[in-house]
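Enquirer:
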Amino acid sequence: MSDPRDSSSYSILPRIRYNTVGGVNGPLVILENVKYPKYNEIVNITLPDGTQRSGQVLEARGDRAVVQVFEGTTGIDVKK
1 MSDPRDSSSY SILPRIRYNT VGGVNGPLVI LENVKYPKYN EIVNITLPDG
51 TQRSGQVLEA RGDRAVVQVF EGTTGIDVKK
């Protein structure tokens, strides 16, 4: 059995990709139609220009997740 402190036992790739930004408010992004969002999960957000931002799920309820973006939300657009 692997040691839980061994970083090689953790996945470094995102589980699933989504293009469902429902809203942006300050450092928070609301993601919709998310399958199995997990509280405290670290996420990567890829912007249209290819740059990436990291964030953390603060709330997971049903198929919605509220994510705090660490590097700011400038450039993150709501898709309609």
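Quick note: this note's numbering has the sequence shown finishing at residue 80, numbered continuously throughout. Ideal placement from N, C-alpha and C gives every residue a C-beta, glycine not left out.
1) Which residues in the same chain as Thr20 place their Cβ atom closer than 8 angstroms to its Cβ, once the five residues preceding and following it in sequence are excluded?
2) Return the chain-ordered list of same chain residues with a C-beta closer than 7 angstroms to the C-beta of Asn40, the five sequence neighbours on each side being excluded.
3) For Val43 versus Val67, is the C-beta distance shorter than 8 angstroms?
4) Note down, in chain order, each residue of its chain lying with its Cβ closer than 6 angstroms to the Cβ of Tyr59, except the 5 sequence neighbours on either side.
5) By how many angstroms is the C-alpha of Gly22 removed from the C-alpha of Phe47?
Expert: The relevant details are as follows:
1) Leu31, Glu32, Asn33, Val34, Lys79
2) Excluding residues up to 5 positions away in sequence, Gln56, Val57 lie with their Cβ nearer than 7 angstroms to the Cβ of Asn40 in the same chain.
3) yes
4) Here residue 59 turns out to be Glu, not Tyr, going by the sequence shown. Only Val66 meet the Cβ criterion.
5) One detail in the question is off: residue 47 reads as Leu in this sequence, not Phe. Roughly 15 angstroms separates the two Cα atoms.
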